[in-house]
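> First, the structure itself, so that you have it in front of you.
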Amino acid sequence: MPVNTGDLWSVQTINDLIVSPLFAKSNVLPYLSRISTRNTEVWLPRVVAGTAGWYPELSPISPSNVDASMVEVRPKKAATIETVSNESRTDAGAADIVGRALVDSLVSVVDDAFVNGGGTNGPQGLPALTGTASVDASPATLEAWADAIMEISIAGGQATVLFLSAQDWNALVKLPATAGGNVPALTPTAGPSGKPQASLYGVPVSVVPALAAGTGWAVDGSRTVVVDRQPASVAMNDGPAFASDGVMVRATVRVEFASVYPESVCKVFDVP
Numbered sequence: 273m274p275v276n277t278g279d280l281w282s283v284q285t286i287n288d289l290i291v292s293p294l295f296a297k298s299n300v301l302p303y304l305s306r307i308s309t310r311n312t313e314v315w316l317p318r319v320v321a322g323t324a325g326w327y328p329e330l331s332p333i334s335p336s337n338v339d340a341s342m343v344e345v346r347p348k349k350a351a352t353i354e355t356v357s358n359e360s361r362t363d364a365g366a367a368d369i370v371g372r373a374l375v376d377s378l379v380s381v382v383d384d385a386f387v388n389g390g391g392t393n394g395p396q397g398l399p400a401l402t403g404t405a406s407v408d409a410s411p412a413t414l415e416a417w418a419d420a421i422m423e424i425s426i427a428g429g430q431a432t433v434l435f436l437s438a439q440d441w442n443a444l445v446k447l448p449a450t451a452g453g454n455v456p457a458l459t460p461t462a463g464p465s466g467k468p469q470a471s472l473y474g475v476p477v478s479v480v481p482a483l484a485a486g487t488g489w490a491v492d493g494s495r496t497v498v499v500d501r502q503p504a505s506v507a508m509n510d511g512p513a514f515a516s517d518g519v520m521v522r523a524t525v526r527v528e529f530a531s532v533y534p535e536s537v538c539k540v541f542d543v544p
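Read left to right, the sequence shown gives residues 273 to 544 (my numbering).
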């Protein structure tokens, strides 16, 4: 049911207009494990398997020397503002239109932070992880992704998503099945909805506009986490828009990324 901007402060409306669409429209968030919290920080356990062995019955069993530690995650604030005229802000459906604009802005900044880092005030994203695997090859080649998927398997994980730039994916879909042929090497497969789903070697592909050509990431989404701090907020104020008979609508969310097993993340890039 359409709502007007006067209803923007209810928690349910904020979730329906901002939070849920953000997680649905993002090219990154749907592929990660999500943890929602009201705390300013979250501690994630990291346990590295120890050793096991075969023993005679009733003989002493040696300690497995499991390595346990904790990863601290502090969600960072992302915010955006849209200006709305007073004439239209009370119209039925106005909040839906404004909400889409706010979400589009948030999707852009959140996805960019994940693949490129969010700078001083934002999430550090994948580039800040230490101990990740890497493949020195162009992400516009099939062999590079086969190697990346294998690197994650060797680390005990399973690649659940491949993040590519639009340019590199465009190059991949044009590769012929045979040299000089016209039949593409890649054929679309049906996803859960029945619509064609991009994939490589059975792993879903997500094209991230914020990724520059020449860099891609293979990720085990079961081991890579997005923490979103609740509640998100939407506020409205005349502010500088008062003189033009308008109001400013601000949306704020808080998210951070973490990987408790960074070896289950593999960067694909062609080292110069």
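Note that beta-carbon positions come from the ideal geometry of N, C-alpha and C, so glycine has one too. Since we're looking at a predicted model, the values are computed, not measured.
#1: Using only alpha-carbon positions, find the residue among 493, 542, 458 that is nearest to residue 532.
#2: Based on Cα-Cα distance, which residue from 404, 422, 536, 524 lies nearest to residue 353?
#3: Quick one: what's got a C-beta closer than 6 Å to residue 420's C-beta in the same chain, skipping five residues either side?
#4: To test your reading of the DSSP string, which unbroken beta strand (DSSP E) runs of 3 or more residues are found completely within the segment 288-376?
#5: Provide the residue span of the beta strand (DSSP E) that contains residue 434, from first to last.
#6: Using a Cβ cut-off of 8 Å (strictly closer), state whether residue 379 contacts chain C.
#7: With respect to the beta strand (DSSP E) encompassing residue 408, which residues constitute its N-terminal and C-terminal limits?
#8: In or out: residue 325 buried (at least 16 other Cβ within 10 Å) or exposed?
#9: Tell whether a beta-carbon distance below 8 Å holds between residue 447 and residue 483.
#10: Check each candidate in 299, 474, 314 and name the one with the smallest Cα separation from residue 500.
#11: Taking residue 419 as part of the alpha helix (DSSP H), name the residues at either end of that continuous run.
#12: What residue range is occupied by the uninterrupted beta strand (DSSP E) comprising residue 522?
#13: With a threshold of 7 Å on Cβ separation, who are the neighbours of residue 388 within its own chain once the five nearest residues in sequence on each side are excluded?
#14: If I measure Cβ to Cβ from residue 331 and keep anything under 8 Å in the same chain, skipping five residues before and after, which residues do I get?
#15: Whose CA, out of 323, 535, 410, 395, lies closest to the CA of residue 569?
#16: Cα-Cα, which of 441, 486, 308, 417 is closest to residue 470?
#17: Can you list, in chain order, the residues of its chain whose CB lies under 6 Å from that of residue 291, leaving out five sequence neighbours each side?
#18: Tell me which residue opens and which closes the beta strand (DSSP E) that residue 392 is part of.
#19: If I follow the unbroken beta strand (DSSP E) through residue 503, where does it start and stop?
#20: Exposed or buried, residue 375, counting other C-beta atoms within 10 Å across all chains shown (16 or more means buried)?
#21: Can you tell me whether DSSP reads residue 443 as helix, strand or coil?
#22: Count the other C-beta atoms from every protein chain shown that fall within 10 angstroms of the C-beta of residue 414, then say buried if there are 16 or more, exposed otherwise.
#23: Rounded to the nearest angstrom, how far is the Cβ of residue 502 from that of residue 310, given a contact under 8 Å?
On the basis of the coordinates in this document:
#1: Answer by Cα proximity: 493.
#2: Nearest C-alpha to residue 353: 524.
#3: Answer for residue 420: 407, 490, 538, 540, listed in chain order.
#4: DSSP runs (the beta strand (DSSP E)) wholly in the segment 288-376: 305-309, 314-320, 339-345, 348-357.
#5: Bounds of the beta strand (DSSP E) holding residue 434 are 433-436.
#6: Of the chains in the structure shown, none is chain C; there is only one protein chain.
#7: Taken as a continuous stretch (DSSP letters only), the beta strand (DSSP E) holding residue 408 covers 405-408.
#8: Under the 10 Å beta carbon count, residue 325 is surrounded by fewer than 16 other beta carbons and is classified as exposed.
#9: In this structure, residue 483 does not lie closer than 8 Å to residue 447 by Cβ.
#10: Distances from the alpha-carbon of residue 500 to those of 299, 474, 314 put 314 closest.
#11: Where residue 419 is concerned, the enclosing alpha helix (DSSP H) stretches over 414-426.
#12: Its beta strand (DSSP E) spans residues 518-531.
#13: Closer than 7 Å at Cβ, skipping near neighbours: 397, 399, 482.
#14: Cβ-Cβ distances below 8 Å link residue 331 to nothing in the same chain once the five nearest sequence neighbours on each side are left out.
#15: Since the displayed the chain opens at 273 and closes at 544, residue 569 lies outside it and no answer follows.
#16: Ranking the options by Cα distance to residue 470, first place goes to 441.
#17: Excluding sequence positions up to five before and after residue 291, its CB lies within less than 6 Å of the CB of 504, all in the same chain and listed in chain order.
#18: Unbroken run through residue 392: none, as it is neither H nor E.
#19: According to the DSSP assignment, residue 503 belongs to the beta strand (DSSP E) that extends over 496-509.
#20: Classified as buried, residue 375 has 16 or more neighbouring CB atoms from the shown chains inside 10 Å of its CB.
#21: Note: residue 443 maps to helix in three-state DSSP.
#22: By the 16-neighbour rule on beta-carbons within 10 angstroms, residue 414 is exposed.
#23: Indeed they touch by this definition, with Cβ atoms about 5 Å apart.
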